[in-house]
Amino acid sequence: MSVTKELTKEIISKFAISENDTGSSEVQIALFTKHISNLTEHLKINKKDYQARRGLLSFVVKRKRLLTYLKNNNNDRYEKIIKELKLKKV
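Here the sequence shown is numbered in this note's numbering, starting from 271 and rising by one per residue.
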């Protein structure tokens, strides 16, 4: 299942700080997490899809970078997003 526009809107509305927020760190981390879970499921079926594996690693690095930024600048928001998405601490 790919990340559709409807799913993207749902994730944005759930993690947005304000009504018009589409690019905050929390929203981006949540979207990257959804992409990562979809690509992980895809790679379980298609083990030789190296381009998808490369995309997966790219999303993981971007998410980690945003989590580090959030941890350094606003630890409360970092703890909240870690709990909601059930991620490991960076």
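Don't be surprised by glycine CBs; every beta carbon is placed ideally from N, CA and C.
The structure displayed is predicted, hence computed values, not measured ones.
**Request:** Give me the Cα-Cα distance between leucine 337 and isoleucine 315, rounded to the nearest whole angstrom.
**Result:** Here residue 337 refers to the residue found at position 67 of the sequence shown. Here residue 315 refers to the residue found at position 45 of the sequence shown. The C-alpha of isoleucine 315 is placed about 29 Å away from the C-alpha of leucine 337.
**Asked** Do you know whose CA, among Gln298, His312, Lys350, Thr292, lies nearest lysine 334's CA?
**Response** The count along the sequence shown starts at 1 and reaches residue 334 at position 64. Per the Cα distances, Gln298.
**Asked** Does the segment 341-355 touch the segment 283-296, meaning 3 or more C-beta pairs lie closer than 8 Å?
**Response** Here the segment 283-296 lies against the segment 341-355, with 3 or more beta-carbon pairs under 8 Å apart.
**Close beta carbons around leucine 355, own chain, < 8 Å, minus the five adjacent residues each side** = In the sequence shown, residue 355 corresponds to position 85, counting from 1. These residues qualify, in order along the chain: Ile299, Ala300, Thr303.
**Request:** Could you give the DSSP three-state label for threonine 292: helix, strand or coil?
**Result:** Position 22 of the sequence shown, counted from the first residue, corresponds to residue 292. Note: threonine 292 maps to coil in three-state DSSP.
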